[in-house]
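What follows is one structure encoded as structure tokens, with my remarks underneath.
Protein chains: 2
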Amino acid sequence: MNKIYNPKPDTWSSILERPTKTVDDIEATVKEIFKEVQKKGDSAVAKYTSLFDGAILPNIEVTKQEIDEAVLSVPSDLKEAIQLAKSNIKKFHTAQITAQVNVETVEGVNCWQEKRPIQKIGLYIPGGTAPLFSTVLMLAVPAKIAGCNEIVLCSPPDKNGKINPAILYAANLCGVTKVLKVGGIQAIAGLTFGTETIPKVYKIFGPGNQYVTVAKQLATQFGVAIDMPAGPSELLIVADDTAIPAFVASDLLSQAEHGADSQVILVSTSKKLIDAVELEIQIQLDVLPRKEIAEKAIANSKLIFVENDKIALELINEYGPEHFIICSEFDDFYCNGIYNAGSVFIGNYTPESAGDYASGTNHTLPTNGYAKNYSGVNLDSFTKAMTFQKISKKGLQNIGKAIEIMAEAEGLQAHKNAVTLRLKAIENEK
Amino acid sequence: MNKIYNPKPDTWSSILERPTKTVDDIEATVKEIFKEVQKKGDSAVAKYTSLFDGAILPNIEVTKQEIDEAVLSVPSDLKEAIQLAKSNIKKFHTAQITAQVNVETVEGVNCWQEKRPIQKIGLYIPGGTAPLFSTVLMLAVPAKIAGCNEIVLCSPPDKNGKINPAILYAANLCGVTKVLKVGGIQAIAGLTFGTETIPKVYKIFGPGNQYVTVAKQLATQFGVAIDMPAGPSELLIVADDTAIPAFVASDLLSQAEHGADSQVILVSTSKKLIDAVELEIQIQLDVLPRKEIAEKAIANSKLIFVENDKIALELINEYGPEHFIICSEFDDFYCNGIYNAGSVFIGNYTPESAGDYASGTNHTLPTNGYAKNYSGVNLDSFTKAMTFQKISKKGLQNIGKAIEIMAEAEGLQAHKNAVTLRLKAIENEK
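In structure tokens:
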């Protein structure tokens, strides 16, 4: 752990620098697989599934029978936990539905805005040791509320051609329309171009390794939208002497176990707290099954002492953390002043893992400083805001002159004509 | 003009194909200028301003005096028109403000969502023959409502080192914080990296030529967000015998005058209307100052006859037009059924140019099929949705068990520990 006391503002950006990854070498591989999937469809997908996942599958679409088996095999306490999480996520995202915005800007000029669902979406759920069924909930639940009518989920099969049952259970529970056993670059390429089996979608959501991240970026060059740019997960905690060191340490470690490149930062106005948290981390770290991973992330972590809360807030806004925990006497000060953070957790009894799983907020959040300019996934991520307008004759008379003048000043005569013709017709009716 | 009768659905995508541009040759230039601006700052910007705009400027920041001169030189009828447009845009975008979403998902678990402004934004306004002061309104007005505190506008100077007075007038009227005389790739690079004079921003908005478009795409690789991917402007009109052919023709032409690559499409259930519109286009085209440009776009335009409105709607949703005008007896059918369009104009007295300038809706819209997955610029484009949560002891007891079970099932023990520690502490208090 690196303890840093009173860093000067001009050193903040280097202290808070994130680990950057070079993707140039990956890009060539991704482009090649994209080309092949675009040209050869399912057969290219099968080739790479065999190569990367070691599975040869007669059929990549998960069958009704496989879903039924999965539903039976998931333990009932896990089912109940998933159902509670789903219920909370549903409540919070349903509350995000916005009414039509309707304004008569001047008499006879009616303008409105409506959100309409993105019709076809793809969800990517990684495989591997940690089956992220929680991410299925975070993506499929709002997609369903938004009204997306085609929700395709791709996840890599294991060597036996299976997807983790909890993922299938969650997908079925949340109304995913199709589950496909395909992962990695070939999954993203399939969703981008469409194949005989994989539907082409308009937007792709979900986490993934470096290959998936680069593939999602490449997909945007072919007209597909993505949820947000990805990066290693990160947590920043601001804490003072009202915080409980063991709790703070447990939150820092829950971030650290994600990966060796996870970012873990504590900012405090109390040197005493910093020392206490440092000690607690050592105690708790020793018994973690993912100790090796967490240890590496913790080695790079920063424990930063600053003179006062004002400086702390400035530093935090400059960093823009994905997750931001506030355990401070002055939590209102931080809540009101934080502009750059993905999701904010307030108080000693609000661990980050609550938001990761079950409180109702979304866990797909902007990392890598993108909290400065991107929203986390929310209901609107699955919709587009469309505008409508209907103008009466009276309305056109009210704004027509202004349009003519502006169009002429911009040198666009045909824009002006479209109004002039109509105004003349109205005039002639009299 | 190409008249097409009853095209089969499997030919739609080729009939409606958009002109694609290759950007590979531009990319190298853009990358080189980015590198140089990143390294050398203002001096690199000055070099390219001299090279591309033919202007050598002692100072690229527009002064108070230049603003004052511009305000004096804009004719008063244009000022009034701009003020009316601004007032309507302000009304419509202010109505888009969303209240905090606050939900207690289960007892003691409080979750809320708030929109907070993106703090630093850049607006790009092209120079050239058509000074797009209307775009200044469309971007700066919602930015101001959202509460962005740094609004930087870049626009290329003419050979005399000047920016069009109407652009300066609009920028000043709308509260732009800084106007810089810099255009093209060097402007986007400056906003991306920051220079001695140009502030680094978090999100870049605004139209531009191919170079600017590629530069904006490249900016996203350096952590900057952009409004949306760009493409040539497009208009699709659906019209039947209730439409007025001269009006329809005038709208098609107002789209066509944007550029030779503009997309102009008419879909109709009436052959009679198609013929009448074709005739009207010839009559109106002849007197346009931008006839040469419009003629080229019109030559590529499509007049498509289909058997019925159901087929028409399917075809339109497959295309996903940026601008969609409905002049039909069945306007409700189209309004309710359209899922993929940027902005919708309803009725004979609602020309597209109303939305381009003064009705109140935004004219920065998704083109090139992006209406399927992107919103047009709206108030939320200038904000990020952030989530907050505060959980009481009681709340954690209500959801803690579910979090523990899910974290364990995902193999994330430290996530579980963060809850277990707290639940034990609560238990021990008893």
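Chains L and F supply the protein sequences, listed in that same order.
Each residue of the first sequence is one higher than the one before, starting from 112 at the first, in the working numbering.
Each residue of the second sequence is one higher than the one before, starting from 112 at the first, in the working numbering.
Note that CB positions come from ideal geometry on N, CA and C, so glycine has one too.
Can you list, in chain order, the residues of the stretch 449-472 of chain F whose Cβ is nearer than 9 Å to any Cβ on chain L?
Residues passing the 9 Å Cβ filter: Ile449, Tyr450, Asn451, Ala452, Gly453, Ser454, Val455, Phe456, Ile457, Gly458, Asn459, Tyr460, Thr461, Pro462, Glu463, Ser464, Ala465, Gly466, Asp467, Tyr468, Ala469, Ser470, Gly471 and Thr472.
Give me, in chain order, the residues of the same chain whose beta-carbon lies closer than 6 Å to that of Ser245(L); leave out the 5 immediate sequence neighbours on both sides.
Mapped onto the first sequence, residue 245(L) falls at position 134. The answer, listed in chain order, is Tyr468.
Let me know the secondary structure DSSP gives Ala241(L) once reduced to three states.
As a working note, residue 241(L) is residue 130 in the first sequence. Of the three classes helix, strand and coil, the one that applies to Ala241(L) here is coil, per DSSP.
Alpha carbon to alpha carbon, how far is Trp123(L) from Val349(L)? Give it in angstroms, no decimals.
Position 238 of the first sequence, counting from 1, holds the residue named residue 349(L). Position 12 of the first sequence, counting from 1, holds the residue named residue 123(L). The straight-line gap from Cα to Cα measures roughly 16 Å.
With 9 Å set as the bound, which would you pick, yes or no: does the beta-carbon of Ala277(L) sit closer than that to a beta-carbon of chain F?
As a working note, residue 277(L) is residue 166 in the first sequence. True, the Cβ-Cβ gap to chain F drops below 9 Å.
Taking CB distances under 9 Å as the criterion, tell me whether Ser266(L) reaches chain F.
Here residue 266(L) corresponds to residue number 155 of the first sequence, with the count starting at 1. With 9 Å as the cut-off, Ser266(L) does not count as an interface residue toward chain F.
Look at Ala336(L) and Lys314(L) and say whether their C-beta atoms are less than 9 Å apart.
One-based indexing of the first sequence puts residue 336(L) at position 225. One-based indexing of the first sequence puts residue 314(L) at position 203. Yes, these two residues count as a Cβ contact at 9 Å.
When you compare the CB positions of Ile309(L) and Asp164(L), do they come within less than 9 Å of one another, or not?
As a working mapping, residue 309(L) is identified with position 198 in the first sequence. As a working mapping, residue 164(L) is identified with position 53 in the first sequence. Contact flag unset, no.
In the DSSP assignment, find the beta strand (DSSP E) that holds Pro228(L) and state where it starts and stops.
For the purposes of this step, residue 228(L) is taken as the residue at position 117 of the first sequence. From DSSP, the beta strand (DSSP E) with Pro228(L) extends over Val220 to Pro228.
Identify whether His526(L) lies in helix, strand or coil by the three-state DSSP scheme.
Locating residue 526(L) in the first sequence gives position 415, counting from the first residue. Note: His526(L) maps to helix in three-state DSSP.
Any beta carbon from chain L within less than 9 Å of Lys146(F)'s own beta carbon?
To locate residue 146(F), count along the second sequence from 1; it is residue 35. With 9 Å as the cut-off, Lys146(F) does not count as an interface residue toward chain L.
For Tyr485(L), which residues in chain F fall below 7 Å Cβ to Cβ?
Taking the first residue of the first sequence as position 1, residue 485(L) is located at position 374. Here the neighbours are Ala336 and Lys495.
Strictly under 9 Å for the Cβ-Cβ distance: is Ile510(F) near chain L by that measure?
In the second sequence, counting from the first residue as 1, residue 510(F) sits at position 399. Yes - at least one Cβ of chain L is within 9 Å of the one on Ile510(F).
Can you check whether the C-beta of Ile299(F) is within less than 9 Å of a C-beta belonging to chain L?
As a working note, residue 299(F) is residue 188 in the second sequence. Closer than 9 Å: no.
How about Thr288(F): is its C-beta nearer than 9 Å to some C-beta of chain L?
Sequence index remark: in the second sequence, residue 288(F) carries index 177 (1-based). It does not; no Cβ of chain L falls within 9 Å.
According to DSSP, is Phe441(L) part of a helix, a strand, or is it coil?
Along the first sequence, read from residue 1 onward, the residue named residue 441(L) stands at position 330. Three-state result, Phe441(L): coil.
Between which two residues does the beta strand (DSSP E) carrying Ser266(F) extend?
Counted from its first residue, the second sequence places residue 266(F) at position 155. Taken as a continuous stretch (DSSP letters only), the beta strand (DSSP E) holding Ser266(F) covers Glu261 to Ser266.
Any beta-carbon of chain F closer than 9 Å to the one on Tyr116(L)?
In the first sequence, counting from the first residue as 1, residue 116(L) sits at position 5. Closer than 9 Å: no.
Checking 9 Å against the spacing of the C-beta atoms, do Ser365(F) and Leu523(L) come in under that value?
For the purposes of this step, residue 365(F) is taken as residue 254 along the second sequence, with counting starting at 1. For the purposes of this step, residue 523(L) is taken as residue 412 along the first sequence, with counting starting at 1. A contact, by the Cβ cut-off of 9 Å.
Helix or strand or just coil, what does DSSP make of Asn451(L)?
To locate residue 451(L), count along the first sequence from 1; it is residue 340. Correct three-state label for Asn451(L): coil.
State the beta-bridge partners of Thr494(F) as determined by DSSP.
Within the second sequence, numbered from 1, the residue matching residue 494(F) stands at position 383. Bridge partners of Thr494(F): Pro228(F).
Can you give me the C-alpha to C-alpha distance between His434(L) and Val156(L), rounded to a whole angstrom?
As a first step, residue 434(L) must be located in the first sequence, where it is residue number 323. As a first step, residue 156(L) must be located in the first sequence, where it is residue number 45. Computed Cα separation, rounded: 36 Å.
Can you list, in chain order, the residues of its chain with a C-beta nearer than 6 Å to that of Ala496(F)? Leave out the 5 residues immediately preceding and following it.
For the purposes of this step, residue 496(F) is identified with residue 385 of the second sequence, where counting begins at 1. Excluding positions up to five away in sequence, the list reads Gln224 and Lys226.
Whole angstroms is fine: what's the gap from Ala277(F)'s alpha carbon to Val287(F)'s?
Here the question's residue 277(F) lines up with position 166 in the second sequence. Here the question's residue 287(F) lines up with position 176 in the second sequence. Spanning the two alpha carbons is a distance of roughly 14 Å.
Gly317(L) touches chain F at which residues, Cβ-Cβ below 9 Å?
Walking along the first sequence from the start, residue 317(L) turns up at place 206. Those within 9 Å of Gly317(L) in chain F number zero; the least Cβ separation is about 15 Å.
At 7 Å on the CB atoms, spell out the chain F contacts of Asp544(L), in chain order.
Limits of chain L in this structure are 112 at one end and 541 at the other, which puts residue 544(L) out of reach.
With 9 Å set as the bound, which would you pick, yes or no: does the beta-carbon of Gly294(L) sit closer than that to a beta-carbon of chain F?
As a position in the first sequence, residue 294(L) is number 183, starting the count at 1. Not closer than 9 Å to any Cβ of chain F, the Cβ of Gly294(L) fails to qualify, so no.
CA-CA distance, Ile355(F) and Ala192(F)?
In the second sequence, the residue the question calls residue 355(F) occupies position 244. In the second sequence, the residue the question calls residue 192(F) occupies position 81. Each residue's alpha carbon lies about 27 Å from the other.
Tell me the DSSP secondary structure of Ile274(F) in three-state form.
Counting from one through the second sequence, the residue named residue 274(F) turns up at place 163. Three-state result, Ile274(F): coil.
Are the beta-carbon atoms belonging to Leu476(L) and Gly453(L) less than 9 Å from one another?
Along the first sequence, one-based indexing puts residue 476(L) at 365. Along the first sequence, one-based indexing puts residue 453(L) at 342. In this structure, Gly453(L) lies closer than 9 Å to Leu476(L) by Cβ.
Under the rule that 16 or more other beta-carbon atoms within 10 Å means buried, what is Val214(F), buried or exposed?
Reading the second sequence from its first residue, position 103 is the one you call residue 214(F). Label assigned to Val214(F): buried.
For the beta strand (DSSP E) that contains Ala157(F), what are its first and last residues?
One-based indexing of the second sequence puts residue 157(F) at position 46. Ala157(F) -> not in any beta strand (DSSP E); alpha helix (DSSP H) instead, spanning Asp153 to Tyr159.
Considering Ile430(F), what are the terminal residues of the alpha helix (DSSP H) in which it resides?
Position 319 of the second sequence, counted from the start, is the residue given in the question as residue 430(F). Residue 430(F) is actually Tyr in this sequence, not Ile. Per DSSP, Tyr430(F) belongs to the alpha helix (DSSP H) from Asp420 to Tyr430.
For Asn473(L), report the span of its alpha helix (DSSP H) as first-last.
Working through the first sequence from its first residue, we reach residue 473(L) at position 362. Segment: none, Asn473(L) is in no alpha helix (DSSP H) and carries neither H nor E.
For the beta strand (DSSP E) holding Glu215(L), just list the boundary residues, first then last.
Position 104 of the first sequence, counted from the first residue, corresponds to residue 215(L). Note, Glu215(L): beta strand (DSSP E), Val212 to Val217.
Residues of chain L with CB under 7 Å from Leu377(F), in chain order?
What you label residue 377(F) is simply residue 266 of the second sequence in a count that begins at 1. What Leu377(F) touches in chain L: nothing, since even the nearest Cβ is about 14 Å away.
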